[in-house]
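**Q** In the working numbering, each residue's number is its place in the sequence shown (first place is 1) plus 14.
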Amino acid sequence: MPLDRPLSQRFYARDSRRVAADLIGCRIVHRLDGGERLVVRITEVEAYLGDGSDPASHAHSGQTDRNRTMFGPAGRLYAYRSYGIHTCVNVVCQRAGRAAAVLLRAAEPLEGHQRMRGLRGLGIDARPTLITVGPGRLAQALGLRLEDDGRSLLRCPLTLHPPDARKPRIGIAQGPRVGITKAAELPYRFFESEGPWVSAFRPGGRKRRAS
15 MPLDRPLSQR FYARDSRRVA ADLIGCRIVH RLDGGERLVV RITEVEAYLG
65 DGSDPASHAH SGQTDRNRTM FGPAGRLYAY RSYGIHTCVN VVCQRAGRAA
115 AVLLRAAEPL EGHQRMRGLR GLGIDARPTL ITVGPGRLAQ ALGLRLEDDG
165 RSLLRCPLTL HPPDARKPRI GIAQGPRVGI TKAAELPYRF FESEGPWVSA
215 FRPGGRKRRA S
């Protein structure tokens with residue numbers, strides 16, 4: 015599978031909402047210790063701000079040991095434990111000294127399907143969407159753990175790459191975030207408007223024209 019050069023730090027050093035929209039269609043590559051590549055195409059994300067306007071953001075109340083990575087530099091992985099069970103992963107979008115991140119919610123597997131199924135503990139008959147639809151599932155399928163917090167996204171073994179220019183862009187929708195209780199109504203969730211590789215919750219989404 016041909017891949018362009020990894021996204022640069024400049025890509026991430028912007029408003030997390032702009033980064034979130036531009037991440038749809040991008041590809042994540044995780045090269046495992048044995049050399050095998052796991053590749054997915056991002057289909058759903060959520061932006062979180064650190065400017066004091068977003069109470070759902072981990073950075074809303076300032077820096078702690080848990081959220082330190084959100085405060086930069088941009089272009090790193092922010093990993094945290096959700097409900098004490100699942101690891102969730104974000105890309106850090108620190109800009110002008112303000113912490114921000116984009117949660118990776120769902121993706122389409124492109125390479126390494128069987129390894130991802132194994133990492134998820136899924137049988138051969140399990141629905142494909144169970145592999146990478148949902149933030150906890152996605153992190154587990156890519157072999158990413160809490161210990162990966164702070165890892166660079168700018169170089170191997172973990173990189174993000176632009177969308178495949180040979181394929182048509184799918185429309186992008188924008189709507190409220192899911193799975194949270196604070197500021198859930200803010201339209202900071204971006205996702206593909208068509209296809210199965212997105213969380214079931216879609217009400218309230220408004221479509222954006224694909225660029």
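Every residue gets a Cβ at the ideal spot worked out from N, C-alpha and C, and that includes glycine.
Going residue by residue through the stretch 48-82, where are the continuous beta strand (DSSP E) segments of at least 3 residues, counting only ones entirely within it?
**A** Segments of the beta strand (DSSP E) lying fully in the stretch 48-82: 51-62.
**Q** Does DSSP classify A140 as helix, strand or coil?
**A** Three-state DSSP puts A140 in coil, outside helix and strand.
**Q** Quick one, are the C-beta atoms of Y26 and C107 less than 8 Å apart?
**A** Against a cut-off of 8 Å, the Cβ pair of C107 and Y26 comes out as a contact.
**Q** Could you give the distance in angstroms between the alpha-carbon of L174 and the alpha-carbon of R109?
**A** Near 19 Å, if we compare the C-alpha coordinates of R109 and L174.
**Q** According to the Cβ coordinates, are A155 and T143 closer than 8 Å?
**A** Their beta carbons are not under 8 Å apart, which means A155 does not touch T143 by this criterion.
**Q** So, under 8 Å CB-CB, I42 and V54 are touching, yes? Tell me the CB distance rounded to an integer number of Å.
**A** Indeed, because the Cβ distance is near 5 Å, the residues count as touching under 8 Å.
**Q** Does S67 pass the burial test, meaning 16 or more other C-beta atoms within 10 Å, or should it be called exposed?
**A** Classification for S67: exposed.
**Q** Just checking: is the beta-carbon of W211 within a distance shorter than 8 Å of some beta-carbon in chain D?
**A** Looking at the structure shown, chain D is missing, and only one protein chain is on hand.
**Q** Is S30 buried or exposed, if buried means 16 or more other CB atoms sit within 10 Å of its CB?
**A** Buried: at least 16 other Cβ atoms inside 10 Å.
**Q** Only counting the same chain, and skipping five residues up and downstream in sequence, which positions put a Cβ closer than 6 Å to that of A35?
**A** Here the set comprises F204.
**Q** Do you know offhand how far S225's Cα is from T78's?
**A** Low confidence applies to S225: its pLDDT is 38, below 50, so where it sits in the model is not reliable, and the reading given next is rough at best. If I take the Cα positions, the gap works out to 37 Å.
**Q** Do A114 and Y62 have their C-beta atoms within less than 8 Å of each other?
**A** In this structure, Y62 lies closer than 8 Å to A114 by Cβ.
**Q** Candidates L136, G98, R112, R183: which alpha carbon is nearest G76's?
**A** Comparing Cα-Cα distances from G76 to each of L136, G98, R112, R183, the minimum goes to R112.
**Q** When you compare the CB positions of G86 and A73, do they come within less than 8 Å of one another, or not?
**A** No; because the gap between Cβ atoms is not below 8 Å, this pair is not in contact.
**Q** Could you check whether E206 and I184 sit closer than 8 Å to each other, using their CB atoms as the reference points?
**A** Taking 8 Å as the Cβ cut-off, I184 and E206 qualify as a contacting pair.
**Q** Applying the criterion that 16 or more other CB atoms from any shown protein chain within 10 Å of the CB defines a buried residue, is P16 buried or exposed?
**A** Answer is exposed; the Cβ neighbour count stays below 16.
**Q** In three-state DSSP terms, what is R31?
**A** Reduced to three states, the DSSP call for R31 is helix.
**Q** Rounded to whole angstroms, what is the Cα-Cα separation between A187 and C40?
**A** Rounded to whole angstroms, A187 to C40 spans 16 Å at the Cα level.
**Q** In whole angstroms, give me the CA-to-CA distance for W211 and R82.
**A** For W211 and R82, the distance between alpha carbons rounds to 31 Å.
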